[in-house]
Amino acid sequence: MPIGECRLAAFHSAIGNTTRMSYLRFQHVFVGLMGLSAVGAFIIPPRYAAKFQPQIQTIFAPVSRPVWRVAAWATNRLSPDINDPRATQDIREENQRLRAELSRLLTQLDELNRRDLAMGELGQKRDLCRLAKVIGADAGGRESLAIAGSTFDGLKEEQYVLCAGGLVGQIQRAGAAGAQVRLITDPAFHIRVLFKRFVPGSDPPRYVDVGTPVALAEGVGGGMMVVRGLSLSAIGRGRDLKPLGGQAEPLLDQGDVAVLVDPECPPALKGEMVGHVVTIGHRHDAQLFAEIRLQPDVNLKRLPEVMVMTKEN
Amino acid sequence: MRWLSYILLAYVAIALQIGLSPFIAYNGAAPNLVLLAAIFIAVNAPRDPALLGCFVLGLLQDLVTQQQPGLFALSYGLVGLFVVGTQQVVYREHPLTHFSLALAGGLVTALVLVLHGWVHPPSARIADGSTTLPAIRPSATVELTRVLYTSILAPIVLGALQRMKRLFAFQQGRRRVRSW
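Which chain is which? The protein sequence lines are R and B, in order. Residue 216 in my numbering sits at position 206 of the first sequence, with consecutive numbering throughout. Residue 164 in my numbering sits at position 125 of the second sequence, with consecutive numbering throughout.
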């Protein structure tokens, strides 16, 4: 074999060996990493896996917060986010009544302020909570919020999270550099609710119990919750979804609201708004049961800040 | 590959994902910007850094989601393997390549997520008084919408990233081998 060809063969052999060895080593590492991630994803139960997850949400805040603000501003300008099923006329009338009610309450409040009595009562829930800025939403397909709060601020797992519109969710994980809030619309969230109806004509306007039993509301994703445990008869409807027994209207109807009554919740949260009824239909797997879809009054994934209930009483 | 540029890309992709997703979601499905970043790395970088880069992007995304840790790392690792395998036969700059790679990568990710949702549903079967409520599983329709949405965005996002690929110095490793 000529010298040139020998050198070339040696050169190729050297390159081939080096490359194959390095690929072999890297491939071992890569296969190991993939195996570990598969074990983490499919075999280890979620409650154990989450314990070893570092919380780094706050690190992304310098970019995600400004982006969030700009996107929220643009969205509000282009398509205001209103999940209100009421007719415009009803809203006007309700506003009028609420204005009157507000005037009356403000007068009372002035009186109470003078007597220095009501401040503690008014500020009760506020004092139990801690404000946390939202950094962003879930990076995957689930329903959660990353918030700029940490264990140093007193945030812990399972604490409830609120906003002006009602219940937002529960802290799922909290760490030194951020926390993740599981929204009430996430499929892993469930809570007991009671249905109520706003009675505008009464003085003062109030919410009354519609008469259905306490039910379990579960998140289903897509910004919705569902109640599947009530039979059609329990909500005053027949198989055709029309009111039972020739009554003018069923016990439960669209627009009725669901409020929190879960015995595991702190007492200060009882009666907190969860959402309003959007649709009522049959459960596809049990025709005698209702599938009641609920929607929170605000889009929870677009909240700029939330209140974390760090104290229970 | 220049790792500082990679870290910046990962940071911006994840921050944009969590900052923008609620505002650009269509029918509950937000596009997966991190997947596009992973495809960009996989289609340009040499094999080993590409695979590692995809895996780490998934791992970082796992930290800011409620999904089980490891799911996105596994998904993007598989996407990386697939895209790296096609490096020699695709035209990296072509929008159709970007669309098809995002479609294939999105389908792989969706498959892993839906499969996980079926094996470990987020809300398991639950007893409510005398009634047993079946488990709630993630919607395959939402995942498919996400895949399509991401694929449609891919030519724009990957096109823009391709213009910046000099910052990543993808060819450095290969050049060294050739010159030697």
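Virtual Cβ for every residue (Gly too), placed ideally from N, Cα, C.
- For the C-beta of R/K311, the chain B residues within less than 7 Å are, from N- to C-terminus, P61.
- In terms of CA proximity to R/M44, B/V118 leads the group B/G58, B/V118, B/S44.
- At least one beta carbon of chain R lies nearer than 8 Å to the beta carbon of B/T170.
- Annotation for B/F79: the continuous alpha helix (DSSP H) segment containing it runs 72-83.
- In this structure, R/V73 keeps its C-beta atom at 8 Å or more from the C-beta atom of B/G168.
- Annotated three-state conformation of R/D272 is coil, per DSSP.
- The way I'd put it, the region 128-147 of chain B does touch the region 67-75 of chain B; three or more beta-carbon pairs between them come closer than 8 Å.
- Around the C-beta of R/H286, 16 or more other C-beta atoms lie within 10 Å, and the residue is accordingly described as buried.
- Distance from the CA of B/I53 to the CA of R/R109, rounded to the nearest whole angstrom, comes to 44 Å.
- The beta carbon of B/P173 sits closer than 8 Å to some beta carbon of chain R.
- Here the alpha carbons of R/V39 and R/L279 stand approximately 50 Å from one another.
- Using a Cβ-Cβ cut-off of 8 Å, B/L74 does not count as an interface residue toward chain R, since no Cβ of chain R sits closer than that to its own.
- Residues of the same chain with a CB within less than 7 Å of the CB of R/P253, apart from the 5 flanking positions on each side, are G246, R247, E259, P260 in chain order.
- Looking at the DSSP output, B/L172 sits in a beta bridge with B/I165.
- B/S60 and B/G156 have their C-alpha atoms spaced approximately 21 Å apart.
- Each residue's CA atom was taken as its position, placing B/L43 and R/E103 some 59 Å apart.
- Three or more Cβ pairs closer than 8 Å define a contact, and the region 184-193 of chain R meets that threshold against the region 59-69 of chain R.
- Taking the Cα positions, R/Y170 is about 18 Å away from R/I145.
- With respect to the C-alpha of R/L298, the residue from R/P314, R/L313, R/G239, R/D272 having the closest C-alpha is R/G239.
- Taking a C-beta distance under 8 Å as the contact criterion, R/V288 and R/G176 do not qualify as a contact pair.
- Under the Cβ criterion of 8 Å, R/V318 is not counted among the residues facing chain B.
- Counting only runs of 4 or more residues that sit fully inside the region 229-272 of chain R, no alpha helix (DSSP H) segment turns up.
- When the five nearest sequence neighbours on each side are left out, the beta carbons in the same chain lying within less than 8 Å of the beta carbon of B/R185 are those of A68, A69, P70, N71, G145, A149, in order along the chain.
- Per DSSP, the unbroken alpha helix (DSSP H) holding B/V118 starts and ends at 110-125.
- In the three-state reduction of the DSSP assignment, R/V171 falls in the strand class.
- Residues of the same chain with a CB within less than 6 Å of the CB of R/E322, apart from the 5 flanking positions on each side, are P276 in chain order.
- Between R/P197 and B/P161 the beta-carbon gap is near 4 Å, inside 8 Å, which marks them as a contact.
- For B/Y50, the uninterrupted alpha helix (DSSP H) run begins and ends at 42-63, by DSSP.
- Between the alpha carbons of R/G265 and R/L251 lies a gap of roughly 16 Å.
- Excluding sequence positions up to five before and after B/H159, its CB lies within less than 8 Å of the CB of Q107, all in the same chain and listed in chain order.
- R/E301 is bridged by DSSP to R/G291.
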